[in-house]
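Chains as they are written, first to last, in the working numbering: chain A, 1232 to 1515; chain B, 255 to 564.
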């Protein structure tokens, strides 16, 4: 009888399909690694080889000399870290207040934030560019081609996710808990610091990591506003490996992997909290 | 205290314990003011600037030369390639979103079942979601290279190609199919996760009750799962429509909308108009049209989703 063994066969079948699915999604990144480890002359063979004759691990070292990778990395870090801090400073109080009080215009504020999330910067890139050209003609330090412009655009468009997910977290913390602490003599800030914030920590961490990754991966605004190479972040910097006559694919993909691996790990950490924030309160 | 607290239990203000206050009550402004300021400065101002630019005559160097009404829009409509771009954009959104939803339904069911190694499959699915889209698109461009690409090698070994050289991205039709493929590839993880969350919120006993009524397997999927998944499906579909419509890096990294404008969508064409063809006025007109389309999607979303619950 198959009655006993059917679940085992089913599980084996599902695992088999799972392996194929995992391979499908990983395949481009495996190819990225193979290319990154290939000697340059082996990348120009017709037809292509599945694997190079030897792995050139030194590509991961020479790339730092061949390209201004430090500069790209530094720009990516400056933009992502400062945009994340700005988002945190701005959205934390807004989310806390919105979760705790029913003020006039509360729904309007939530609606405005939600709409911001829907309008990706791509849709507004022409307006954003013209705005920063205009600002730059008065205050050059805040116009196009400055870290400032990149930081505040990234912050503004990631504010929404952060605010929504933190409103959701703060709402789950019972008011009584804060009141109890305040009766015990804690000041308002003390209550926030010792009771509310620690309980909301998973939400705050999710918001921080998500904002960091979104700013790290942002492309169209950086392509438009960062005109000089010394403020190019990684996303724009790696495309400069695509020259007019030849492409240094091995360096392009060593740089890409350096950009991708850390954020994949960060993403896996926050995986289980993500969907709720991205779908803005629509799925429990 | 002028504002009533949000649940759990609303007490009448008089019953609230007296509170020592160090700061005067300015209402919500100190709390939400900075967020509003950021939204006004970086979202609302550019929206206004974009709309204003669309009715101005703008020189090639970017200077405004005065109001010209709807002339930018008329020039956009008269653009010989425009109808093709419009049709392609429609195909792009409809095909990418529907295929993504169908495949995600299958993937979500797979990940909702228990089997050894499921966690690793979930992690593999995260990679294209976390990785920079422009970098993902660039590796596909390399794999699709007409001379040195691995895809040609694989298809050659499978006997599906007659020769080793095949310029997938140089030919507009095959290029557009591959662009859609990559757009689906990067859209699948998020969609699958949303649908998986939907599946996990369906109580198991519903299926037991269904079995009593004779609903099993495929029948139970169609009559029970899909209707219960409706909210998640709607959310996934609308968010996808917005993302796919806005998608810029895939096309930019793989074909730049070329050859010519033959793989452009309205989003990449808007960019090209402003920053390659230096026609900012017409680009702003295109941007206003795009903005209208997204606004429509947003209204659909607000209509279907209970966002007020937060």
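A virtual CB, placed ideally from N, CA and C, is assigned to each residue, including glycine.
- Message: According to DSSP, is residue 1452 of chain A part of a helix, a strand, or is it coil?
- Response: To locate residue 1452 of chain A, count along the first chain from 1; it is residue 221. Three-state DSSP puts residue 1452 of chain A in a helix.
- Query: So, using beta-carbon positions, are residue 422 of chain B and residue 403 of chain B closer together than 9 Å?
  - Reply: By 1-based counting over the second chain, the position of residue 422 of chain B is 168. By 1-based counting over the second chain, the position of residue 403 of chain B is 149. Judged by beta-carbon spacing, residue 403 of chain B lies within the 9 Å limit of residue 422 of chain B, meaning their Cβ atoms are closer than that value.
- Query: Any Cβ of chain B within less than 9 Å of the Cβ of residue 1439 of chain A?
  - Reply: In the first chain, residue 1439 of chain A corresponds to position 208, counting from 1. No - not a single Cβ of chain B is within 9 Å of the one on residue 1439 of chain A.
- Indicate whether at least one CB of chain B lies closer than 9 Å to the CB of residue 1280 of chain A. What you label residue 1280 of chain A is simply residue 49 of the first chain in a count that begins at 1. The beta-carbon of residue 1280 of chain A is placed less than 9 Å from the nearest beta-carbon of chain B.
- Within the chosen definition, does the region 480 to 495 of chain B reach the region 516 to 536 of chain B through at least 3 CB pairs nearer than 8 Å? Short answer: they don't touch.
- Message: I'd like to know if the region 1405 to 1417 of chain A and the region 1469 to 1480 of chain A are in contact, where contact means that at least 3 CB-CB pairs between them fall below 8 Å.
- Response: Proximity of the region 1405 to 1417 of chain A to the region 1469 to 1480 of chain A falls short of the contact definition, fewer than three beta-carbon pairs being nearer than 8 Å.
- Item | Residue from B:526, B:443, B:537 with nearest C-alpha to residue 377 of chain B | As a working note, residue 377 of chain B is residue 123 in the second chain. For residue 377 of chain B, the nearest C-alpha among the options comes from B:443.
- Please specify which runs of the alpha helix (DSSP H), each continuous and at least 4 residues long, are wholly inside the region 1261 to 1340 of chain A, giving them in chain order. Segments of the alpha helix (DSSP H) lying fully in the region 1261 to 1340 of chain A: 1290 to 1297, 1300 to 1331.
- Taking Cβ-Cβ distances shorter than 8 Å, what residues in chain D pair up with residue 482 of chain B? Absent from the structure: chain D. Protein chains present are A and B.
- Query: When the Cα atoms are used, what is the spatial distance from residue 1239 of chain A to residue 397 of chain B?
  - Reply: As a working mapping, residue 1239 of chain A is identified with position 8 in the first chain. As a working mapping, residue 397 of chain B is identified with position 143 in the second chain. So the alpha carbons of these two residues sit roughly 38 Å apart.
- Task: For residue 1360 of chain A, count neighbouring Cβ atoms within 10 angstroms of its own Cβ and tell me buried if that reaches 16, exposed if not.
- Result: The residue you call residue 1360 of chain A lines up with position 129 of the first chain. Buried: at least 16 other Cβ atoms inside 10 Å.
- Message: Closer than 8 Å between beta carbons: that is the criterion. Which residues of the region 1372 to 1391 of chain A meet it against chain B?
- Response: So the close ones are 1383, 1384, 1386, 1387, 1388, 1390.
- Go ahead and pull the three-state DSSP assignment for residue 270 of chain B. Your numbering for residue 270 of chain B matches position 16 in the second chain. Because residue 270 of chain B sits at a pLDDT of 46, beneath the cut-off of 50, its placement in the model cannot be relied upon, and the following sentence gives the value as read from the coordinates. DSSP, read as helix, strand or coil, puts residue 270 of chain B in coil.
- Item | DSSP bridge partner residues for residue 312 of chain B (one or two, in chain order) | The count along the second chain starts at 1 and reaches residue 312 of chain B at position 58. Its beta-bridge partners are B:318.
- Query: Sorted by chain position, which residues of the same chain lie with C-beta nearer than 6 Å to residue 1314 of chain A's C-beta, five sequence neighbours on each side aside?
  - Reply: Against the first chain, residue 1314 of chain A aligns to sequence position 83. Counting only Cβ-Cβ distances below 6 Å, and skipping sequence neighbours, we find 1382, 1385, 1386, 1446.
- Task: May I ask you to list, following chain order, the residues of the region 1416 to 1429 of chain A that have a beta carbon less than 7 Å from some beta carbon of chain B?
- Result: Identification of residues in the region 1416 to 1429 of chain A having a C-beta nearer than 7 Å to some C-beta of chain B yields an empty set.
- Item | Host alpha helix (DSSP H) of residue 1386 of chain A (start-end) | Sequence index remark: in the first chain, residue 1386 of chain A carries index 155 (1-based). Start and end: 1378 to 1403.
- Query: How would you label residue 266 of chain B, buried or exposed, when you count the other beta carbons within 10 angstroms and need 16 or more for buried?
  - Reply: Indexing the second chain from 1 puts residue 266 of chain B at position 12. Confidence at residue 266 of chain B is low in this model, with a pLDDT of 42, below 50, so its placement is unreliable and no value can be given for it.
- Message: Helix, strand or coil, according to DSSP, for residue 1473 of chain A in the structure here?
- Response: Walking along the first chain from the start, residue 1473 of chain A turns up at place 242. In this structure, residue 1473 of chain A counts as strand in the three-state DSSP scheme.
- Task: Pull up the CB-CB distance for residue 492 of chain B and residue 554 of chain B, whole angstroms please, since I reckon it's below 8 Å.
- Result: Residue mapping note: residue 492 of chain B aligns to position 238 of the second chain, counting from 1. Residue mapping note: residue 554 of chain B aligns to position 300 of the second chain, counting from 1. That belief holds up - the Cβ atoms of residue 492 of chain B and residue 554 of chain B are roughly 6 Å apart, short of 8 Å.
- Message: Considering only their Cβ atoms, is the gap separating residue 1306 of chain A from residue 1463 of chain A smaller than 9 Å?
- Response: Position 232 of the first chain, counted from the start, is the residue given in the question as residue 1463 of chain A. Position 75 of the first chain, counted from the start, is the residue given in the question as residue 1306 of chain A. Taking 9 Å as the Cβ cut-off, residue 1463 of chain A and residue 1306 of chain A qualify as a contacting pair.
- Measure the Cβ-Cβ separation of residue 1397 of chain A and residue 1298 of chain A and say whether it is below 9 Å. Looking up residue 1397 of chain A in the first chain gives position 166. Looking up residue 1298 of chain A in the first chain gives position 67. Annotated as distal: residue 1397 of chain A and residue 1298 of chain A, with beta-carbon spacing of 9 Å or more.
- Message: Which residue marks the beginning of the alpha helix (DSSP H) containing residue 1350 of chain A, and which one marks its end?
- Response: Taking the first residue of the first chain as position 1, residue 1350 of chain A is located at position 119. For residue 1350 of chain A, no alpha helix (DSSP H) segment is defined, and its DSSP state is neither H nor E.
- Item | Test item: CB-CB of residue 498 of chain B and residue 441 of chain B under 9 Å | The sequence position of residue 498 of chain B within the second chain is 244, counting from 1. The sequence position of residue 441 of chain B within the second chain is 187, counting from 1. In contact: residue 498 of chain B and residue 441 of chain B (Cβ atoms closer than 9 Å).
- Task: Give, in chain order, every residue of the region 512 to 543 of chain B whose Cβ lies closer than 8 Å to some Cβ of chain A.
- Result: Taking 8 Å as the Cβ-Cβ cut-off against chain A, the residues of the region 512 to 543 of chain B that qualify are 521, 524, 525, 528, 529, 534, 537, 538, 541.
- Please name the residue, chosen from A:1301, A:1390, A:1370, A:1300, that lies closest to residue 1340 of chain A on a Cα-to-Cα basis. In the first chain, the residue the question calls residue 1340 of chain A occupies position 109. Closest option to residue 1340 of chain A, Cα to Cα, is A:1390.
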